[in-house]
Amino acid sequence: MDDYKVKYQQLKSEYESYQKITEEKIQELSSANVQYEKNLDMLSNVILISNYINSNLSSKNIIPMINDMIIGIIGVTQSTIYLLEDFKFVIKATNGTEESIGLTEECKKYISKHKTFILNSKDPIIEDELNGISIHSRMGVPIKVGENFIGYIIVDHTHYNFLSEFHEIFLTSIASQIAIALENSILYKKIEKAAQCDALIGIYNRKTFYEIIEERLTNGKIEKYAIVMIDLDNFKRINDTLGHQFGDKVLIETANLIRNMLYPKDIIARYGGEEIILYIDCTDSNQEVYERIDNIREAVSENFISKEELGRNITASFGVGFYPYDGENLEAVINCADKYLYKAKHAGKNKVMSSHFFR
41 MDDYKVKYQQ
51 LKSEYESYQK
61 ITEEKIQELS
71 SANVQYEKNL
81 DMLSNVILIS
91 NYINSNLSSK
101 NIIPMINDMI
111 IGIIGVTQST
121 IYLLEDFKFV
131 IKATNGTEES
141 IGLTEECKKY
151 ISKHKTFILN
161 SKDPIIEDEL
171 NGISIHSRMG
181 VPIKVGENFI
191 GYIIVDHTHY
201 NFLSEFHEIF
211 LTSIASQIAI
221 ALENSILYKK
231 IEKAAQCDAL
241 IGIYNRKTFY
251 EIIEERLTNG
261 KIEKYAIVMI
271 DLDNFKRIND
281 TLGHQFGDKV
291 LIETANLIRN
301 MLYPKDIIAR
311 YGGEEIILYI
321 DCTDSNQEVY
331 ERIDNIREAV
341 SENFISKEEL
351 GRNITASFGV
361 GFYPYDGENL
371 EAVINCADKY
381 LYKAKHAGKN
391 KVMSSHFFR
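Each number in the working numbering corresponds to the 1-based position in the sequence shown with 40 added.
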């Protein structure tokens, strides 16, 4: 009978031990499954943000939208994205107040070293008493393009110990996505600019000029404007005698000189060959516009252009047409300006011919 008791106790002990191991294993697998689901959710969210970024490269609101997604996905009280501009931190997106997103000395210490940091404190890390915001958990993750530090994501929560290493993995992935977005956005803008501008002289091309003006005329109530057609005098002779490289420099310097004399709403573009076209936002009288253009003509003629041992002054002829006096649409006003340009050429060049003199 005693043998049965001993065997029973042994079996019971083995069973309890096995049961304990099994329960621990189940708990371990359950925890692993929860962690797996968390990681899967995190990966899905990173992919979601990545897809959003790739489909909105040209959007000016891409950084604020990413910031909103961070808040929604992590469930933080506030999130702020800083970018480095002219060696200063600039807030590009935040849902916090000026007081609640303030950077403590401890934060600044990590930021100066471009380090990731997690701060949890039972005492407030930062406090906005006016709005009742008391931050007890904060995380900062640097944004880098390659090895170049360009900014930070800083997230906060009012609950102590809310932020952990799990959130760090997610935010680090988002920081990488932001860096990629900024790189792609810069590349997109370069490509966009290249498509809009003349490759040689850097001003708008003819196609873009038409698009911008037509959009202005469609969307805005514009009562009057002027179109100026400009042709560099004897340009073919310059190319033939001084060379195409000197001719290129003439185009570049003259375009820059004219551009620097325009008002903010005026537009300059290369119309073709040595021809330049201007849209003049007309708030002045026709005579005042004429005087502005004649000042440009004079500045062009006084500008001495040199390249190595070569150098000379050049001149240009100008034709000016006005809307609505010279046509009911853009094309009609351009044709008018073109007509007066050729009047200027035939009258001896280096002149401004304006339609308002002949009405």
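Here a beta-carbon is modelled for each residue, glycine too, at the ideal position from N, C-alpha and C.
The three-state secondary structure of Y200, taken from DSSP, is coil. Between I183 and G172, the beta carbon gap of about 30 Å keeps them out of contact (Cβ cut-off 8 Å). Just so you know, the alpha carbons of I220 and L282 end up roughly 46 Å apart. In the structure shown, K100 falls within a coil segment according to DSSP collapsed to helix, strand and coil. Taking 8 Å as the cut-off, the beta carbon of A266 is found no closer than this to the beta carbon of G367. Around the beta carbon of A234, fewer than 16 other beta carbons lie within 10 angstroms, which makes this residue exposed. Comparing C-alpha distances from E187 to each of I194, K153 and I209 shows the shortest one belongs to K153. If you draw a straight line from the Cα of I214 to the Cα of I193, it comes to about 9 Å. In the DSSP annotation of this structure, the continuous segment of the alpha helix (DSSP H) that includes S341 starts and ends at N326 to E342. Remark: C-beta atoms of V116 and L123 do not approach each other more closely than 8 Å. CA-CA distance, F189 to I103, rounds to 17 Å.
According to DSSP, Q118 shares a beta bridge with D196.
Listed in chain order, the non-local C-beta contacts of A384 below 7 Å within the same chain comprise S357, F358, G359, K391, V392 and M393, local neighbours out to five positions each way being set aside. Judged by pairs of C-beta atoms under 8 Å, the segment 195-211 does not touch the segment 222-229, as fewer than three such pairs exist.
According to the DSSP assignment, F275 belongs to the alpha helix (DSSP H) that extends over F275 to L282. Note on geometry: alpha-carbon atoms of N369 and F344 lie some 37 Å from one another.
The C-alpha of G142 is placed about 59 Å away from the C-alpha of L350. Annotation for K305: D321 place their beta carbon closer than 6 Å to its own, counting only its chain and skipping 5 residues before and after.
Excluding sequence positions up to five before and after Y330, its CB lies within less than 6 Å of the CB of S394, all in the same chain and listed in chain order.
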